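Residue numbers (this note's numbering): 314 to 559.
Given below as structure tokens:
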């Protein structure tokens, strides 16, 4: 769209210059046309500058928003994995997930070796056997184990988007897959990039949805987990897993 405007303005400028050279304009109009040409030149300069700096601004905003989105996805993953380890299944309901974190407890396990005797009828003697004993010695709340003193898990369903706080939820899905003789539970939490970057230039967002790079988030969405394979990984690069030092 901008290029069409540029072409029209450029042709207009050429036409004005031609008229001036041919002395077909009234002398009284020359100052006005000079002002118009100056404004057109400023407009062109601004658009050229903007075309250079827009991708830089876009990438900065994109990385800031992605980082916050990914932190929420990590919280969802931690809660889902904890739920699966205790109950044997995932959930597609954020209400159920928050309620689980609020009420569930991890067992505290203690393991130790034990020796016992069995009588060997063949050898007609007593023999010592070793075994591993697993005892539950207590419990720790899931919310304390995963989130310490924070209650941020109560907000993990909301996509953190400036200007749209608590308006858009992550998409949370569950499924199953057969692996050999086992039926394995699956989950996936995701959000489309176009939702995160709703207020950014459409052409840059479209390019971002098609990006393929080891240093970028590939594809049209950011997600963790999978409905096609047993995985709790996200599709973001490692740079988003590096904790910032204060």
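Heads up, the beta-carbon is just placed ideally off N, CA and C, and yes, glycines get one too. In this text, all values refer to a predicted model and were calculated from it rather than measured experimentally.
If you look at residue 539, you'll find it in the beta strand (DSSP E) that goes 534-539. The three-state secondary structure of residue 503, taken from DSSP, is strand. Within the region 471-516, the runs of beta strand (DSSP E) at least 3 residues long that lie entirely inside it are, in chain order, 484-492, 495-505. About 18 Å separates the CB atoms of residue 510 and residue 528; that is not less than 8 Å, and the two are not in contact. Under the 10 Å beta carbon count, residue 470 is surrounded by 16 or more other beta carbons and is classified as buried. Restricted to the region 405-453, the beta strand (DSSP E) segments that are unbroken, complete and at least 3 residues in length are 418-433, listed in chain order.
In this structure, the beta-carbon distance from residue 465 to residue 388 falls below 9 Å.
The bridge partners DSSP lists for residue 547 are 537.
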